[in-house]
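In order, the protein sequences belong to chains R and H.
Here our numbering is used: position 71 in the first sequence is 219, and no number is missing along the way.
Here our numbering is used: position 101 in the second sequence is 249, and no number is missing along the way.
In what follows, a structure is listed as structure tokens, so that the remarks can point back to it.
Protein chains: 2
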Amino acid sequence: MILTSKIESFVMHCGEMGSRWGFNRTVGQMYGLLIIHQEPLTAVDISEALNISRGNVSMGIKELQSWRLVQVQHKPKDRKEYYSPAGTIWEMATRVFEERRKREIDPTLSLLRDNLLDEPANQKEVYAQEKMHEIHDLLETVTHWAGELQSMSPDKLNTLMKLGAGVTKVINLKDKLINKS
Amino acid sequence: MILTSKIESFVMHCGEMGSRWGFNRTVGQMYGLLIIHQEPLTAVDISEALNISRGNVSMGIKELQSWRLVQVQHKPKDRKEYYSPAGTIWEMATRVFEERRKREIDPTLSLLRDNLLDEPANQKEVYAQEKMHEIHDLLETVTHWAGELQSMSPDKLNTLMKLGAGVTKVINLKDKLINKS
DNA sequence: CTGAAGTTTCAGTAATTTCTGAAAGTTTAA
DNA sequence: TTAAACTTTCAGAAATTACTGAAACTTCAG
């Protein structure tokens, strides 16, 4: 048994949150386990630690790879694959954000763009297009600013946060400067 | 039939995306319909437009109300309840964000905080706590900055976006000003 | 009161998603 | 080339989630 009870509670929590974060329970547990465990783990380790079938582990790893969240390593004289989380915590969060944007926002933006190209055929469609336009612009704005945040280092953000620098204040300042010039 | 085919495609799309946005297919459809339709709709209207049972509409409305996304109206001389989306598109997005934060982030932050209060019992737990600390700090930073963005008006964000003002640039500026003073 | 017009609830069923385990596939050492 | 050691796949079973429709409930006009 590789799990102490405190660690187990974290792993199980990841499982429960998994579905909210975009994957299913066992995939969530697997990811939590890989993050919290210092040494890379084999598929069998995971299967035993979480009491799930070997086949399920294989599918879960595939899923995590599609999110670019795990990496595979090999040890000399050992044919097994060893799995560990890919990148820093910040990078992982960035990847989850990006993947979710692809799944949750991009398809909608694309549908909206298509729809907005057509002429409205009647009064109802005029109203509908107005709303679609609003949603479209909002989604573009949100993805733009989310991207901006992602491109910053977490250290910098933290420092600024502790300095009490709200985006609002900062941007107001910028606004004034722009208007002056 | 209240749906033209173009509008129907939007509503069905909301259904498909529904589960990714945190609710289920029919709730997604219902919300899409309410947004795209200028006049408020009764439960029966919704049930007929989407071909779902009356009971399901009732449960869906309840769900949307728990997200604070619909409001109920009454017409004089008419006992029926008329439903329409609550607030502007921006407010709706803000509410979805907030609700999702409550469901997806807050429980994890709380678990992490609890766990970080305990002394690690062995080497593995020392490592585990380090990781939990990193995740904790990241989640706090992200929610902080997300809150900042939410508190801004979308107009202002759009204007700044079009001016080419990246957060990075803006914040660098602020940084310099702070260091000077 | 009464009953008509509406809403909500919830047990049972339907649909969907996830998991298992056995079979098929792959890789490598000898 | 063989076989051991490992991984992947996938059909069917299990678990979960969503939906229906009938009964219970609420409200209100007469």
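Backbone N, C-alpha and C define an ideal beta-carbon position, used for all residues, glycine too.
Applying a beta-carbon distance threshold of less than 9 Å, which residues of chain R neighbour residue i?
i                : result
Asp266 (chain H) : Lys154
Asn270 (chain H) : Thr152
Under 8 Å between C-beta atoms, does residue i make it to chain H?
i                : result
Lys310 (chain R) : no
Ser329 (chain R) : A caution first: Ser329 (chain R) carries a pLDDT of 45, below 50, which makes its placement in the model unreliable, though a value can still be read off. So, not an interface residue.
Gln186 (chain R) : yes
Gly163 (chain R) : no
Arg168 (chain R) : yes
Tyr179 (chain R) : no
His212 (chain R) : Sequence check: residue 212 (chain R) is Leu here, not His. No, because no Cβ of chain H sits closer than 8 Å to the Cβ of Leu212 (chain R).
Show which residues of chain H have a CB atom less than 7 Å away from the CB atom of residue i.
i                : result
Ile283 (chain R) : Ile237
Ile183 (chain R) : Lys279
Kindly say whether residue i, judged by its beta-carbon, lies nearer than 8 Å to any beta-carbon of chain R.
i                : result
Val244 (chain H) : no
Leu297 (chain H) : yes
Leu189 (chain H) : no
Phe158 (chain H) : yes
Thr291 (chain H) : no
Tyr275 (chain H) : yes
Pro255 (chain H) : yes
Leu217 (chain H) : no
Asn172 (chain H) : no
Check whether the Cβ atoms of residue i and residue j lie closer than 8 Å to each other.
i                : j                : result
Gly180 (chain H) : Arg173 (chain H) : no
Met178 (chain H) : Gly203 (chain H) : no
Ala276 (chain H) : Leu286 (chain R) : no
Ile184 (chain H) : Lys279 (chain R) : yes
Thr256 (chain H) : Met309 (chain R) : no
Thr291 (chain R) : Pro302 (chain H) : no
Glu239 (chain H) : Trp169 (chain R) : no
For residue i, go through chain R and note every residue whose CB falls closer than 7 Å to its CB, in chain order.
i                : result
Leu286 (chain H) : Ile237, Trp238, Ala241, Pro302
For my contact list, residue i and residue j are in at a C-beta cut-off of 8 Å; report their separation, rounded to the angstrom.
i                : j                : result
Glu229 (chain R) : Thr190 (chain R) : 7 Å
Leu147 (chain R) : Val218 (chain R) : Examination of residue 147 (chain R) is not possible in this model, given that chain R is present from 149 through 329 alone.
Ile283 (chain H) : Leu260 (chain H) : 6 Å
Ala294 (chain R) : Phe245 (chain R) : 7 Å
Pro188 (chain R) : Ser153 (chain R) : Not quite, the Cβ-Cβ distance comes to about 23 Å (not below 8 Å), so this is no contact.
Run through chain H and tell me which residues come within less than 8 Å of residue i, C-beta to C-beta.
i                : result
Arg251 (chain R) : Arg168
- Starting from the N-terminal side, write out each stretch of the alpha helix (DSSP H) that is 4 residues or longer and does not extend beyond the stretch 156-184 of chain H. 173-184
- For the stretch 225-263 of chain R, list the beta strand (DSSP E) runs that are entirely contained and at least 3 residues long, ordered along the chain. 229-233
- Counting only runs that start and end within the stretch 258-303 of chain R, where is the beta strand (DSSP E) found for 3 or more residues in a row? Runs found: none.
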